[in-house]
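**Q** If you scroll down you'll find the structure; I have some questions about it.
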Amino acid sequence: MVNELYPYIVEFEEEAESPGLETHRKRKRSGNNDSIERGAAQEADSHTGLEPGSDPGQCSVPSKKEKDASTKKESLGHWSQGLKISMQDPKMQVYKDEQVVVIKDKYPKARHHWLVLPWASISSLKAVTREHLELLKHMHTVGEKMITDFAGSSKLRFRLGYHAIPSMSHVHLHVISQDFDSPCLKNKKHWNSFNTEYFIESQAVIEMVQTTGRVSVRDGMPELLKLPLRCHECQQLLPSIPQLKEHLRRHWPK
DNA sequence: GTTCTAGAAC
DNA sequence: GTTCTAGAAC
Numbered sequence: 001m002v003n004e005l006y007p008y009i010v011e012f013e014e015e016a017e018s019p020g021l022e023t024h025r026k027r028k029r030s031g032n033n034d035s036i037e038r039g040a041a042q043e044a045d046s047h048t049g050l051e052p053g054s055d056p057g058q059c060s061v062p063s064k065k066e067k068d069a070s071t072k073k074e075s076l077g078h079w080s081q082g083l084k085i086s087m088q089d090p091k092m093q094v095y096k097d098e099q100v101v102v103i104k105d106k107y108p109k110a111r112h113h114w115l116v117l118p119w120a121s122i123s124s125l126k127a128v129t130r131e132h133l134e135l136l137k138h139m140h141t142v143g144e145k146m147i148t149d150f151a152g153s154s155k156l157r158f159r160l161g162y163h164a165i166p167s168m169s170h171v172h173l174h175v176i177s178q179d180f181d182s183p184c185l186k187n188k189k190h191w192n193s194f195n196t197e198y199f200i201e202s203q204a205v206i207e208m209v210q211t212t213g214r215v216s217v218r219d220g221m222p223e224l225l226k227l228p229l230r231c232h233e234c235q236q237l238l239p240s241i242p243q244l245k246e247h248l249r250r251h252w253p254k
């Protein structure tokens, strides 16, 4: 029953693209136009678009217990595995070295929002041990380099950290500017995941691993996501997301 | 993680 | 009546 994950073999020179991952996306939204097409930009949006239920090829799914090809393909196509695919795509890679790769978050929650991922397959913080200490430090250093290289002249403040309970598989360090000026930031969960203890500072993770050899995540994390909306700069409570977003403007750097 | 939308909140 | 949130997605 052990799920065998494929090794992340990466060719540094020229990565062969895998065609056929793309699916039709004929769906149209009728209602609001949420011009989401900013950060992810050009072709960034083109893959990983595996919408459940929109698989035109197979309408009939008779048996539910097939452990072979179909199941494996499905697990890789599942949305929670999206980072594993994106990080391999040269078009998505903003930076890479022997240990890590950086991509832009597909749905950035601020003007700058990168993800730093190790090539090594580490499913989550739960799997982190002292053996990963230097790797974690390197991820942090690379995150800081992203800031100086791509936002050095901006006055934006940044935070580096991990979600206590990430939705996406594969350990990833968030590097995010603190303007939270993005159309992709839409709900309370988005806000609280970056502005409560749900967001664990990279430095804290490093120190935890250094001293205890692992990362302990406190209880009650899911509840944090439901807390009232509070401004991270002045602590003011805001009654709704639209009002929070309007409020945030006053803290933007000039 | 996102989309979609019913119905709560205003 | 419109805005906004929150839960399902087979």
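Note that the working numbering numbers the first sequence so that position 137 is 137, with each residue one more than the last. For each residue, glycine too, the CB sits at the ideal point set by N, CA and C. All values derive from a computational prediction rather than experimental measurement.
Determine the burial state of lysine 106: buried for a count of at least 16 other Cβ atoms within 10 Å of its Cβ, exposed for fewer.
**A** buried
**Q** Contact defined as beta carbons within less than 8 Å: I believe phenylalanine 199 pairs with glycine 143. What is the distance between those atoms, to the nearest angstrom?
**A** Their Cβ separation, rounded to whole angstroms, is 14 Å, which puts phenylalanine 199 and glycine 143 out of contact at 8 Å.
**Q** Please state the DSSP three-state secondary structure of cysteine 234.
**A** coil
**Q** Measure the CB-CB distance between tryptophan 119 and valine 100 and report whether it falls below 8 Å.
**A** yes
**Q** Taking only three categories from DSSP, how would you classify alanine 242?
**A** Note that residue 242 is proline in the sequence shown here, rather than alanine. In this structure, DSSP gives proline 242 a helical state, which the three-state scheme calls helix.
**Q** For leucine 244, which residues from the same chain have a beta carbon less than 8 Å from its beta carbon, with the 5 sequence-adjacent residues on both sides left out?
**A** These residues qualify, in order along the chain: Trp191, Leu229, Cys231, Leu238.
**Q** What is the residue span of the alpha helix (DSSP H) that glycine 143 lies within?
**A** 133 to 151 is the extent of the alpha helix (DSSP H) around glycine 143.
**Q** Cα separation between proline 253 and serine 75?
**A** 43 Å
**Q** In angstroms, rounded to a whole number, what distance separates the CA positions of tryptophan 79 and serine 86?
**A** Each residue's Cα considered, the two are about 11 Å apart.
**Q** Could you give the residue range of the alpha helix (DSSP H) that holds histidine 190?
**A** 188 to 195
**Q** What first and last residue would you give for the alpha helix (DSSP H) that runs through glycine 82?
**A** 82 to 86
**Q** CA-CA distance, lysine 189 and glutamate 134?
**A** Using only the alpha carbons, I get a separation of about 31 Å.
**Q** In the structure shown, what three-state DSSP assignment does arginine 250 receive?
**A** helix
**Q** Buried or exposed, going by whether 16 or more other CB atoms sit within 10 Å of the CB of lysine 155?
**A** So lysine 155 ends up on the exposed side.
**Q** Taking the alpha-carbon of aspartate 97 as reference, which of Glu131, Gly152, Met139 has the nearest alpha-carbon?
**A** The shortest Cα separation from aspartate 97 among Glu131, Gly152, Met139 belongs to Met139.
**Q** Compute the Euclidean distance between the alpha carbons of histidine 112 and arginine 130, then round it to the nearest angstrom.
**A** 30 Å
**Q** Identify the continuous alpha helix (DSSP H) that holds valine 209 and give its terminal residues.
**A** 202 to 212
**Q** Please classify proline 108: is it buried, with 16 or more other beta-carbons within 10 angstroms of its beta-carbon, or exposed?
**A** buried
**Q** Distance, Cα to Cα, aspartate 89 vs histidine 170?
**A** 15 Å
**Q** Rounding to the nearest angstrom, what Cα-Cα distance links arginine 214 and leucine 224 in this structure?
**A** Take the alpha-carbon of arginine 214 and the one of leucine 224: they are about 22 Å apart.
**Q** Would DSSP call arginine 159 helix, strand or coil?
**A** strand
**Q** With burial defined as no fewer than 16 other Cβ atoms inside 10 Å of the residue's Cβ, what is the status of aspartate 179: buried or exposed?
**A** buried
**Q** Helix, strand or coil: how does DSSP classify leucine 225 here?
**A** coil
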